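Mapped onto this note's numbering, the consecutive letters of the sequence shown carry residue numbers 0 to 388.
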Amino acid sequence: MDSQSMQVDENNPEGNHAALQQVEYQSGTAHDLHHQAESAQHDRDASNNDEIRSVAQDSSVDLTETAFQSEGYFYQDDDDADSALGDDRASSTRSLSESIFNYEYENGRRYHAFRAGAYPLPNDEPEQDRMDMQHHIYLLMFGGELYRAPIAHNIQRALDVGCGTGLWAVDFADTHPDTRVTATDLSSIQPTWVPPNLHFEIDDAESEWEFSEPFDYIHIRSMAGSIGDWPQLLQRASNHLAPGGWIELTEFETWASTDDNSLPSDSAYHEFQVRLCEAAAVFGKEMNIAPHIHDLVRNAGFADAKEEVWKCPLSPWPQDPRLKELARYMNLQMMESIEPYSLALFSRVLKWDNHRIQTLLGNVRRDLRNLNYHMYSKVHCVYAQKPYE
Ligand SMILES: C[S@@+](CC[C@H](N)C(=O)[O-])C[C@H]1O[C@@H](n2cnc3c(N)ncnc32)[C@H](O)[C@@H]1O
Numbered sequence: 000m001d002s003q004s005m006q007v008d009e010n011n012p013e014g015n016h017a018a019l020q021q022v023e024y025q026s027g028t029a030h031d032l033h034h035q036a037e038s039a040q041h042d043r044d045a046s047n048n049d050e051i052r053s054v055a056q057d058s059s060v061d062l063t064e065t066a067f068q069s070e071g072y073f074y075q076d077d078d079d080a081d082s083a084l085g086d087d088r089a090s091s092t093r094s095l096s097e098s099i100f101n102y103e104y105e106n107g108r109r110y111h112a113f114r115a116g117a118y119p120l121p122n123d124e125p126e127q128d129r130m131d132m133q134h135h136i137y138l139l140m141f142g143g144e145l146y147r148a149p150i151a152h153n154i155q156r157a158l159d160v161g162c163g164t165g166l167w168a169v170d171f172a173d174t175h176p177d178t179r180v181t182a183t184d185l186s187s188i189q190p191t192w193v194p195p196n197l198h199f200e201i202d203d204a205e206s207e208w209e210f211s212e213p214f215d216y217i218h219i220r221s222m223a224g225s226i227g228d229w230p231q232l233l234q235r236a237s238n239h240l241a242p243g244g245w246i247e248l249t250e251f252e253t254w255a256s257t258d259d260n261s262l263p264s265d266s267a268y269h270e271f272q273v274r275l276c277e278a279a280a281v282f283g284k285e286m287n288i289a290p291h292i293h294d295l296v297r298n299a300g301f302a303d304a305k306e307e308v309w310k311c312p313l314s315p316w317p318q319d320p321r322l323k324e325l326a327r328y329m330n331l332q333m334m335e336s337i338e339p340y341s342l343a344l345f346s347r348v349l350k351w352d353n354h355r356i357q358t359l360l361g362n363v364r365r366d367l368r369n370l371n372y373h374m375y376s377k378v379h380c381v382y383a384q385k386p387y388e
């Protein structure tokens, strides 16, 4: 089946539910990505002593039904909700100056040092593992494809903005050997062994872009909460695209959706998403940017921007086995996301102490194991071509 079948039809919520049940993606993808995640890990700084909590890279991780049942997933019995709770142990450049490696530590997590404080998520090993897992999830959703824009296979230059651990850029460079790929990030967390047509730069995407040649394709993914001025970012991208070049943005909605109102408004998960968006707004970098990226791209002069909306379940509640597998990866990724996304924002902005934060996060993890909550996130992918004149 075409992976497009998972796209959301806003006018037909029932059909969307059915589409969720039917989605398929290429078999073998999980294995391939598992392998890529391992390769990337080999390249990371071996002297880093952070605890590795990877599930993507741990071949002992069991994603079978039995494993999920034994790890505290539950259907809530309304008469005795507490007795059903599982335990809470879900594992859970321009110039490379030295300051880039002088990391900062806070609440047990490691943060970037270049432009310190600009980005509220950590850059330590657990966070890198989470990014690798998210790359895997995008591939599962997109049927193994790295992008949706109809770019030519032999474009000359491509840019990945905020590349994280660089897996997307590595895959893109590998599969487009004629393309020179540049990938930038605030953190130096990319592998050193990469395809010869790829290079990484430590750079702030919110500073003036100094690339000397135009790109044919610019890729921006999962940058919610990273960018203070989206119109300016998109204007810079437009200025650095060749005529006819493509831009593509992909973002998860921060807000969980359900088709059956199964997430109570007094749930911990609901409080989490409200507080996260609140804190990010005060911080000045909007978290729930996904619903706005279509307009942002159009307003930057890309008149014919196309938007695709996909559904990704947040816990393994769907019945369809393939969708359930996607949901299992997403659920593990969510378990590993909630702390990095909230820790600095809740402590620095909301002034919560760590105990209060961890108490909420414990309850959010419980909600993520509650299979009565049919939560999914809408994933927006917008792509557009720069006009020729
Ligand atoms: C959630 S990760 C997404 C990584 C990657 N795009 C992906 O899809 O896997 C966001 C990344 O953006 C980087 N970032 C945040 N603000 C940035 C900025 N102003 N300039 C460059 N990179 C930035 C972070 O360091 C982090 O690696």
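By construction, the Cβ of each residue, glycine as well, lies at the ideal position given by its N, Cα and C atoms.
Bear in mind that the values here come from a model prediction, so they are computed numbers and not experimental data.
Nearest by alpha-carbon distance to residue i: which of the options is it?
i, options, result
"ILE337", "THR358, LYS323, PRO320, ASP319", "THR358"
"VAL378", "TRP309, GLY71, ILE150", "TRP309"
"GLN272", "TYR387, GLY224, ILE292, ALA304", "GLY224"
"VAL348", "GLY283, PHE210, ILE219", "GLY283"
"GLY143", "ARG364, LEU325, GLU105, PHE73", "LEU325"
"ASP228", "ALA267, LEU139, GLU207, ILE217", "GLU207"
"GLU247", "TRP351, VAL296, ARG108, ALA278", "VAL296"
"GLU307", "ALA112, ARG109, TYR375, PHE141", "PHE141"
"ASP173", "GLN75, VAL193, SER376", "VAL193"
"TYR146", "ALA117, ILE219, GLN75", "ILE219"
"THR249", "HIS152, ARG109, ALA304, ASN238", "ALA304"
"PHE73", "ARG364, TYR375, SER376", "ARG364"
"MET334", "GLN231, ASN353, ASP366", "ASP366"
"LEU139", "GLU277, SER346, ARG321", "ARG321"
"GLU270", "LYS323, ARG235, ARG355, HIS293", "ARG355"
"LYS414", "PHE113, TRP351, TYR375, HIS293", "No statement about residue 414 is possible, as the shown extent of the chain runs from 0 to 388 and does not include it."
"GLN75", "SER261, ALA182, PRO230, PHE113", "SER261"
"PRO113", "LYS350, THR183, ASP258, TRP351", "Rather than Pro, the amino acid found at residue 113 in this sequence is Phe. With distances taken between Cα atoms, PHE113 lies closest to THR183."
"VAL281", "SER266, GLN231, LYS350", "LYS350"
"PRO230", "ASP294, ASP258, TYR268", "ASP294"
"ASN238", "GLU209, PRO195, HIS111, ASN353", "GLU209"
"ILE226", "PHE171, ASP265, ALA117, SER266", "ALA117"
When we look at the beta-carbon of residue i and count the other beta-carbons within 10 Å, is it buried (16 or more) or exposed?
i, result
"SER94", "Legend: pLDDT at SER94 = 45, less than 50; position of this residue unreliable, no value from coordinates given."
"CYS380", "buried"
"GLN133", "buried"
"GLY244", "buried"
"GLN384", "buried"
"PRO263", "exposed"
"ALA302", "exposed"
"ASN409", "In the structure as shown, the chain starts at 0 and stops at 388, and residue 409 therefore has no counterpart that could be examined."
"GLU388", "exposed"
"SER211", "exposed"
"GLN332", "buried"
"PRO312", "buried"
"ASN48", "With a pLDDT of 32 at ASN48, under the threshold of 50, the modelled position of this residue cannot be trusted; read the value that follows with caution. Exposed is the call here."
"PRO119", "buried"
"HIS152", "exposed"
Would residue i pass as a contact of residue j if the rule is Cβ separation under 8 Å?
i, j, result
"SER221", "LEU275", "no"
"ASN115", "GLU124", "Position check: residue 115 holds Ala in this sequence, whereas Asn was assumed. No. Outside cutoff."
"PHE214", "LEU185", "no"
"VAL169", "PRO190", "yes"
"PRO176", "PRO386", "no"
"TYR328", "ILE136", "yes"
"ALA157", "VAL180", "yes"
"ASN122", "ILE188", "yes"
"THR178", "ILE217", "no"
"LEU233", "ALA299", "yes"
"PRO339", "ARG109", "no"
"ALA278", "GLU285", "no"
"TYR382", "ALA236", "no"
>> Below 8 Å, how does it come out for the segment 343 to 361 and the segment 127 to 139: are there three or more Cβ pairs, yes or no?
In response: no
> Do three or more CB pairs link the segment 195 to 207 to the segment 155 to 165 at distances below 8 Å?
Replying inline: yes
> Is it true that the segment 303 to 320 meets the segment 363 to 373, where meeting means three or more beta-carbon pairs spaced less than 8 Å apart?
Replying inline: yes
> On the three-pair Cβ rule with 8 Å, is the segment 285 to 296 touching the segment 241 to 260?
Replying inline: yes
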